[in-house]
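Engineer:
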Amino acid sequence: MTYVIIHALAPIFVIMLLGFWAGKAKMVDNNNVSLLNVFVMDFALPATLFSATAQTPWSGIIARSPLIVVLIGAMWITYAAVYFLAIRIFKKSPQDAAVLTLTVALPNYAALGLPVLNSVLGESPSTSLSVAVSIACGSVLLTPFCLLILEREKALAAGENSNSMLSMLPLLIARSVKKPIVWGPLLGVILSAAHIKTPDILLASIKPLGLAATAAALFLTGMILSARKLQLNTVVNLSTVVTLLVQPFIAWCIVLLLGLHDSVAITAILMMALSGGFFGVVFGNRFGVQSPDAEAVLLLSSSLSILTLPLFITLTSGS
342 MTYVIIHALA
352 PIFVIMLLGF
362 WAGKAKMVDN
372 NNVSLLNVFV
382 MDFALPATLF
392 SATAQTPWSG
402 IIARSPLIVV
412 LIGAMWITYA
422 AVYFLAIRIF
432 KKSPQDAAVL
442 TLTVALPNYA
452 ALGLPVLNSV
462 LGESPSTSLS
472 VAVSIACGSV
482 LLTPFCLLIL
492 EREKALAAGE
502 NSNSMLSMLP
512 LLIARSVKKP
522 IVWGPLLGVI
532 LSAAHIKTPD
542 ILLASIKPLG
552 LAATAAALFL
562 TGMILSARKL
572 QLNTVVNLST
582 VVTLLVQPFI
592 AWCIVLLLGL
602 HDSVAITAIL
612 MMALSGGFFG
622 VVFGNRFGVQ
632 SPDAEAVLLL
642 SSSLSILTLP
652 LFITLTSGS
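Mapping to the numbering used here: the sequence shown position 11 is 352, numbers consecutive.
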């Protein structure tokens, strides 16, 4: 099993290492990654998220309601707790806290979900559908929180004064929804719910973008990391523990509370046991927000998941 996990993680490290090397070797300007960021955030990732959600049958989404409840519950609880700690205890800025929190709370479904589930449950349309549902949950129901905070701080910095977050909410939601990374997967969900089949020619046309999404995002992450000096500290260590151990145990508690078992329980727990995702780092870079702690958590959790994933696979084998 460790062999399978290492093979699942290897492409992540190789592509990130290539981006890191390109930045360090000055083959690219690692302090100016705006062009690649636009490609990743406005084209590649929205394309792959739209394809995943639009091609997910609505009946399949409904049938996985228990899985959705566990994933959303675990991610929201983690997001709220980590954001509170980052702001109140560690005195981080809202932007930095938002980027760090998204890195911790949103697992790397896109790169690790399918290889891990296939190795445990076997390759099947049901497994692929579960991963697609997981990606949709994160992209539609979690990432907007981070975007709202980043948009709010950007508006305040621009002098758009407001008395409260609530009064700014309509404007912030409007700005967030305009971003392809939000409306892409949301449009896919709407089409699925309306039972509208996406034209094959459209899916075929954007497929190359989708294929490039994960690789481009990881390469971009490597470039961003090459411009930073990563340091371990209390925030990084605690956040990594939350990502790899606390969050999956939260999911496990919800699974027990709902009385779930078999493949649904295994899927929910293992999806939450994946390493931290790259969305937070990429989002922050798009808004000019650097979060060295989030970058360190991304790297450290990806490395240590080689040890923690086999643990949860073993623990859930009797579910």
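A virtual CB, placed ideally from N, CA and C, is assigned to each residue, including glycine.
Enumerate in chain order the residues of its own chain whose CB-to-CB distance from V410 is below 6 angstroms, with the five nearest sequence positions on each side excluded.
Structural biologist: none
Engineer: In three-state terms, what does DSSP make of G629?
Structural biologist: Coil, per DSSP.
Engineer: Shortest alpha-carbon distance to G629 belongs to which of P398, I610, Q436, C478?
Structural biologist: Q436
Engineer: From L667 to N578, what does the alpha carbon distance come to, in whole angstroms?
Structural biologist: Nothing can be reported for residue 667, as the shown portion of the chain is limited to 342 through 660.
Engineer: Checking 8 angstroms against the spacing of the C-beta atoms, do L358 and F620 come in under that value?
Structural biologist: no
Engineer: Can R569 be considered in contact with the ligand SAM, in the sense that its beta carbon sits closer than 7 angstroms to one or more heavy atoms?
Structural biologist: Among the components of this structure there are no ligands whatsoever, and the ligand SAM is therefore not found.
Engineer: For P448, which beta-bridge partners are listed by DSSP?
Structural biologist: G617
Engineer: Decide if G500 is buried, meaning its Cβ has at least 16 other Cβ atoms within 10 Å, or exposed.
Structural biologist: exposed
Engineer: Take the Cβ of Y344 as the centre, count every other Cβ of all protein chains shown within 10 Å, and call the residue buried at 16 or more, exposed below.
Structural biologist: exposed
Engineer: To the nearest angstrom, report how far apart P521 and L390 are at their CA atoms.
Structural biologist: Separation of P521 and L390 (C-alpha to C-alpha, rounded to the nearest whole angstrom) is 10 angstroms.
Engineer: Identify which residue in N626, L645, Q396 has its Cα closest to the Cα of A477.
Structural biologist: Q396
Engineer: Return the CA-CA distance between L482 and I413, expressed in angstroms with no decimal places.
Structural biologist: 8 angstroms
Engineer: Start and end of the alpha helix (DSSP H) containing D370?
Structural biologist: Judged by DSSP secondary structure, D370 falls outside any alpha helix (DSSP H); it is assigned neither H nor E.
Engineer: So which of V576, L441, L532, A452 has the shortest CA-CA distance to S392?
Structural biologist: L532
Engineer: Output yes or no for whether 8 angstroms exceeds the beta carbon distance between P448 and L615.
Structural biologist: yes
Engineer: What does a CB cutoff of less than 7 angstroms around K538 pick up in its chain, not counting 5 residues either side in sequence?
Structural biologist: none
Engineer: Is the beta carbon of T608 closer than 8 angstroms to that of L458?
Structural biologist: Yes, these two residues count as a Cβ contact at 8 angstroms.
Engineer: Let me make sure I understand the geometry here. Which of V622, V623, I610, G563 has the alpha-carbon closest to that of T657?
Structural biologist: I610
Engineer: Looking at L561: is its Cβ nearer than 8 angstroms to the Cβ of V623?
Structural biologist: yes
Engineer: If we call anything under 8 angstroms between Cβ atoms a contact, is S475 one with M612?
Structural biologist: Result yes, Cβ atoms of S475 and M612 sit closer than 8 angstroms.
Engineer: Does DSSP put R429 in a helix, in a strand, or in coil?
Structural biologist: helix
Engineer: Where does I409 sit, in a helix, a strand or coil, going by DSSP?
Structural biologist: Three-state result, I409: helix.
Engineer: Taking the CB atoms as reference points, tell me whether A446 and T555 lie closer together than 8 angstroms.
Structural biologist: no
Engineer: May I ask which residues mark the beginning and end of the alpha helix (DSSP H) holding K548?
Structural biologist: 541-567
Engineer: Which residue's Cα is closest to the Cα of T581: M368, L426, L641, F590?
Structural biologist: L641
Engineer: By DSSP, does K538 sit in helix, in strand, or in coil?
Structural biologist: If DSSP states are grouped into helix, strand and coil, K538 belongs with coil.
Engineer: In angstroms, rounded to a whole number, what distance separates the CA positions of I547 and G360?
Structural biologist: Roughly 24 angstroms separates the two Cα atoms.
Engineer: Under three-state DSSP, which class holds L441?
Structural biologist: helix
Engineer: Take P526 and list the residues in its own chain whose beta-carbon comes closer than 8 angstroms to its own, dropping the five residues that flank it on each side.
Structural biologist: Closer than 8 angstroms at the Cβ level, and outside the excluded window around P526, lie P387, L390, F391, A393, T394, I476, A477, S480, V481.
Engineer: Would you kindly report the start and end of the unbroken alpha helix (DSSP H) that includes L579?
Structural biologist: 575-582
Engineer: Which residues in the same chain have their Cβ closer than 7 angstroms to the Cβ of V461, if we skip the five residues on either side of it in sequence?
Structural biologist: The beta carbon of V461 is closer than 7 angstroms to those of I607, L611, I654 in its chain, skipping five residues each way along the sequence.
Engineer: Taking Cβ positions, are I356 and G618 nearer each other than 8 angstroms?
Structural biologist: no
Engineer: If Q588 sits next to A415, beta carbons under 8 angstroms apart, how far is it from one beta carbon to the other, in whole angstroms?
Structural biologist: 6 angstroms
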